[in-house]
Amino acid sequence: MTTELDQMQTDMLSAIDAASGLDALEAVRIHGLGKTGTITGLLKSLGAMTPEERLTTGPRIHALREAVTSAIAARKAALERAELDARLARETIDMTLPAEPALIGSIHPVSQVMDELAEIFADMGFAVATGPEIETDWYNFTALNIPETHPARAMHDTFYLAGEHETPMVLRTHTSPVQIRAMQASGGDKPVYIIAPGRTYRSDSDATHTPMFHQVEGLVIDKGITLGHLKWTLETFLKAFFERDDIVLRLRPSYFPFTEPSAEVDVGYTLQNGKRVIGGSDHWMEVLGSGMVHRKVIEAGGYDPDQWQGFAFGCGIDRLAMLKYGMDDLRAFFDGDLRWMKHYGFSCLDVPTLSGGVGA
Ligand code: DAH
15 MTTELDQMQT
25 DMLSAIDAAS
35 GLDALEAVRI
45 HGLGKTGTIT
55 GLLKSLGAMT
65 PEERLTTGPR
75 IHALREAVTS
85 AIAARKAALE
95 RAELDARLAR
105 ETIDMTLPAE
115 PALIGSIHPV
125 SQVMDELAEI
135 FADMGFAVAT
145 GPEIETDWYN
155 FTALNIPETH
165 PARAMHDTFY
175 LAGEHETPMV
185 LRTHTSPVQI
195 RAMQASGGDK
205 PVYIIAPGRT
215 YRSDSDATHT
225 PMFHQVEGLV
235 IDKGITLGHL
245 KWTLETFLKA
255 FFERDDIVLR
265 LRPSYFPFTE
275 PSAEVDVGYT
285 LQNGKRVIGG
295 SDHWMEVLGS
305 GMVHRKVIEA
315 GGYDPDQWQG
325 FAFGCGIDRL
335 AMLKYGMDDL
345 RAFFDGDLRW
355 MKHYGFSCLD
365 VPTLSGGVGA
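For the sequence shown, the positions run 15 to 374 when the numbering used here is used.
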C-alpha cells in the first residue's frame with residue numbers, strides 16, 4: 015500500500031508540474047481531490063479499515079493530500095503570475111503613435127467649466143456631489159422650504175412627470191435638492207463641503223434660456239459659519255475662475271426660500287470695445303444666488319440647526335462659460351454644430367489641473 019501511495023504521489027506531483035495552464039491544473043485537481051477523485055476515494059476508504067491499518071495508512075494518505083494540495087497551490091500561483099506577465103507584455107500601448115486626427119473630439123465648454131469648478135473647489139476642500147435629474151417634489155421643493163402653496167413653485171416653470179407616481183416627480187428645476195441629499199449622506203454629525211454641478215430643467219426657451227441648462231450648487235455645513243465665509247469663498251472662486259485678481263463682488267439683499275438672509279451676488283465688469291470684461295466696478299452683472307442655509311433646510315437634511323450653520327450658493331454654469339469664453343448666444347451650446355465646437359471647444363488633452371492652473 016505504501017509503495018502504491020508513493021507511486022501515486024510521484025505521478026500526481028509530476029502531473030501538477032506538467033500542467034501547462036490553469037484549466038489543465040484544475041483537471042489534475044479534480045482527478046485527485048474532486049468529489050470522486052482518487053485521494054478523496056482513499057480518504058473515504060479509511061472508515062472501512064481495521065484500526066491497525068488506519069494507524070499506519072491514515073497518516074500516509076493525509077500526507078499525500080497535503081503534498082498534492084500545496085503543490086497545486088504553488089503551481090497555480092506560478093501559472094497566474096506567468097499569465098499576468100504575458101498579458102502585461104501583450105497589452106503594451108505605444109504612446110508615441112499619433113492619434114487619428116478625424117477621431118479627436120473636443121471638450122464642450124460646459125464640460126470644461128465643470129472640470130474647472132471641480133478643480134477650484136477641490137483646492138478649497140470641497141467634494142463633488144451628485145443627485146438625480148428626476149427628483150421627487152419633496153427634494154426639489156418641500157425640503158428646501160418651498161411648500162406646495164409657495165409662489166416659487168410657479169416661478170420655476172417646472173416639468174412634472176406624467177402618469178401616476180407615489181409622490182409627484184419633477185425634472186429638477188435647480189441643483190439645490192443635492193443640498194438635502196448631501197446632508198443626508200453625511201449623517202447629521204459631520205461638516206459638509208460640497209459643490210454639485212449638473213443639468214437642470216425649466217420650461218423656458220429664448221436667447222438666454224434653454225429648457226435644459228446647467229447649474230452648480232455649493233453647500234457648506236459646519237459650526238460657526240458666517241456670511242464672511244460665504245463672501246471669501248465666492249471671491250476666491252471667481253478670482254480663480256476668471257483668472258483675475260481685480261474681481262469685485264457686490265452682495266445685494268434678496269430672497270430665496272432656502273436661505274435666510276439671502277443675497278444675490280453681482281460681479282463688476284468694464285466695457286472694452288463693446289465687450290464685457292470681468293473686473294473692476296464700472297458696471298455690475300448678477301452671477302449667482304446665495305445665502306445662509308435656512309434652519310428648516312438644515313433640519314430637512316438631518317442636522318440640528320442649533321448646532322450647525324452653513325451657506326449655500328447656486329450659479330448658472332452656461333452663463334459662466336459664456337462670460338469667460340466670450341460666447342453670446344446660449345442656444346449655440348446645445349445645437350451640436352461641429353464648427354462651433356471646433357471654434358469654442360477645448361482639446362481633450364488639456365484637462366484643467368490645479369498644478370497646471372485652470373487656464374492650462
Ligand atoms: N436654486 C436657485 C435657483 O435656481 C439658486 C440658488 C440661490 C441656490 C440661492 C442657492 C442659494 O443655494 O443659496 O434659482
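The beta-carbon is built from N, C-alpha and C at its ideal position, and this holds for glycine as well. Only a predicted model underlies this, so the values are computations on that prediction, with no experimental measurement involved.
Starting from I44, trace the alpha helix (DSSP H) in both directions and tell me its first and last residue. Here residue 44 refers to the residue found at position 30 of the sequence shown. Bounds of the alpha helix (DSSP H) holding I44 are L36 to L47.
Using 8 Å for Cβ pairs, my map puts V311 next to A196. What's the rounded Cβ distance? Taking the first residue of the sequence shown as position 1, residue 311 is located at position 297. Taking the first residue of the sequence shown as position 1, residue 196 is located at position 182. For V311 against A196, the beta-carbon gap comes to about 12 Å, at or over 8 Å, which does not count as contact.
Y283 lies in the beta strand (DSSP E); which residues open and close that run? Mapped onto the sequence shown, residue 283 falls at position 269. In this chain, the beta strand (DSSP E) harbouring Y283 covers T273 to Q286.
Start and end residues, beta strand (DSSP E) containing D343: Position 329 of the sequence shown, counted from the start, is the residue given in the question as residue 343. It is not in any beta strand (DSSP E) - D343 carries neither H nor E in the DSSP assignment.
So for I121, helix, strand or coil by DSSP? Working through the sequence shown from its first residue, we reach residue 121 at position 107. Note: I121 maps to strand in three-state DSSP.
Taking only the alpha-carbon atoms, compute the straight-line gap between T17 and A100 and give it to the nearest angstrom. Stepping through the sequence shown from its first residue, residue 17 is reached at position 3. Stepping through the sequence shown from its first residue, residue 100 is reached at position 86. Roughly 40 Å between the two C-alpha positions.
Run the proximity test for H308: is its beta-carbon closer than 6 Å to any non-hydrogen atom belonging to the ligand DAH? As a working mapping, residue 308 is identified with position 294 in the sequence shown. The answer is no for H308.
Relative to the alpha-carbon of T181, which residue among N159, N154 and H164 has its alpha-carbon at the smallest distance? Stepping through the sequence shown from its first residue, residue 181 is reached at position 167. With distances taken between Cα atoms, T181 lies closest to N154.
Inspect the beta-carbon positions of F140 and I208 and report whether they are closer than 7 Å. Residue numbering aside, residue 140 sits at position 126 when the sequence shown is read from its first letter. Residue numbering aside, residue 208 sits at position 194 when the sequence shown is read from its first letter. For F140 and I208, yes; Cβs fall inside 7 Å.
How many Å lie between R68 and A62 at the Cα? On the sequence shown, position 54 is the one that residue 68 refers to. On the sequence shown, position 48 is the one that residue 62 refers to. Rounded to the nearest angstrom, the gap between the Cα atoms of R68 and A62 is 9 Å.
Sort out for me which residues DSSP pairs P165 with in a bridge. Walking along the sequence shown from the start, residue 165 turns up at place 151. Bridge partners of P165: none, in fact.
Going by DSSP, name the residue or residues bridged to Y269. Translated into positions along the sequence shown, residue 269 becomes position 255. In the DSSP output, where bridge partners are listed per residue, Y269 has none listed.
CA-to-CA distance, L337 to R290, given in whole angstroms: Along the sequence shown, read from residue 1 onward, the residue named residue 290 stands at position 276. Along the sequence shown, read from residue 1 onward, the residue named residue 337 stands at position 323. So the two alpha carbons sit approximately 8 Å from each other.
Boundaries of the beta strand (DSSP E) in which I292 is found, first to last residue: Your numbering for residue 292 matches position 278 in the sequence shown. Run containing I292: K289 to I292, per the beta strand (DSSP E) assignment.
Can the beta-carbon of F325 be found less than 7 Å from the beta-carbon of I239? The sequence position of residue 325 within the sequence shown is 311, counting from 1. The sequence position of residue 239 within the sequence shown is 225, counting from 1. A contact, by the Cβ cut-off of 7 Å.
CA-to-CA distance, P275 to D151, given in whole angstroms: Translated into the one-based positions of the sequence shown, residue 151 becomes position 137. Translated into the one-based positions of the sequence shown, residue 275 becomes position 261. D151 and P275: Cα-Cα distance of roughly 24 Å.
CB contact flag (R186, E133, <7 Å): Start at 1 with the first residue of the sequence shown, and residue 186 comes out as number 172. Start at 1 with the first residue of the sequence shown, and residue 133 comes out as number 119. No, the Cβ-Cβ distance between R186 and E133 is not below 7 Å.
The ligand DAH and A326: does any heavy atom of the ligand fall closer than 6 Å to the residue's C-beta? Sequence index remark: in the sequence shown, residue 326 carries index 312 (1-based). It does: the Cβ of A326 is within 6 Å (strictly closer) of some heavy atom of the ligand DAH.
Residues sharing a beta bridge with T150, DSSP: The count along the sequence shown starts at 1 and reaches residue 150 at position 136. Note: T150 sits in a beta bridge opposite M183.
For L19, which of helix, strand or coil comes out of DSSP? On the sequence shown, position 5 is the one that residue 19 refers to. Reduced to three states, the DSSP call for L19 is helix.
Could you tell me which uninterrupted beta strand (DSSP E) segments, each at least 3 residues in length, are contained entirely in the region 187-255, listed from first to last along the chain? If we require 3 residues or more, the beta strand (DSSP E) runs fully inside the region 187-255 come out as 206-215 and 226-236.
Are the region 210-221 and the region 86-93 touching by the rule of at least three beta carbon pairs closer than 8 Å? Touching, no, given that fewer than three Cβ pairs across the two stretches are closer than 8 Å.
With DSSP run on the structure shown, which of helix, strand or coil describes Y174? Counting from 1 along the sequence shown, the entry for residue 174 is found at position 160. Three-state DSSP puts Y174 in a strand.
What is the DSSP secondary structure of E300, reduced to helix, strand or coil? The sequence position of residue 300 within the sequence shown is 286, counting from 1. In this structure, E300 counts as strand in the three-state DSSP scheme.
Pick out whichever of F255, G316, E313 and A85 has its Cα sitting closest to the Cα of C329. In the sequence shown, the residue the question calls residue 329 occupies position 315. Selection F255, G316, E313 and A85 evaluated against C329 yields F255 as nearest (Cα-Cα).
Verify whether the separation of the beta carbon atoms of L60 and L19 is less than 7 Å. Within the sequence shown, residue 60 is the residue found at index 46, counting from 1. Within the sequence shown, residue 19 is the residue found at index 5, counting from 1. Taking 7 Å as the cut-off, the Cβ atoms of L60 and L19 do not count as close.
What separation, rounded to the nearest whole angstrom, lies between the Cα atoms of P112 and I118? As a first step, residue 112 is located in the sequence shown; it is residue number 98 there, counting from the start. As a first step, residue 118 is located in the sequence shown; it is residue number 104 there, counting from the start. Rounded to the nearest angstrom, the two C-alpha atoms are 11 Å apart.
Compute the minimum distance between the beta carbon of F270 and the heavy atoms of the ligand DAH, and state whether it is under 6 Å. As a working mapping, residue 270 is identified with position 256 in the sequence shown. Yes, Cβ of F270 sits closer than 6 Å to a heavy atom of the ligand DAH.
For a test of your reading of the model: does the CB of H179 fall under 6 Å from any non-hydrogen atom of the ligand DAH? Yes or no. On the sequence shown, residue 179 is found 165 positions in, with the first residue counted as 1. For the ligand DAH, no non-hydrogen atom lies closer than 6 Å to the CB of H179.
Let me know the secondary structure DSSP gives V262 once reduced to three states. The residue you call residue 262 lines up with position 248 of the sequence shown. Looking at V262 - three-state DSSP - the assignment turns out to be coil, as it is neither helix nor strand.
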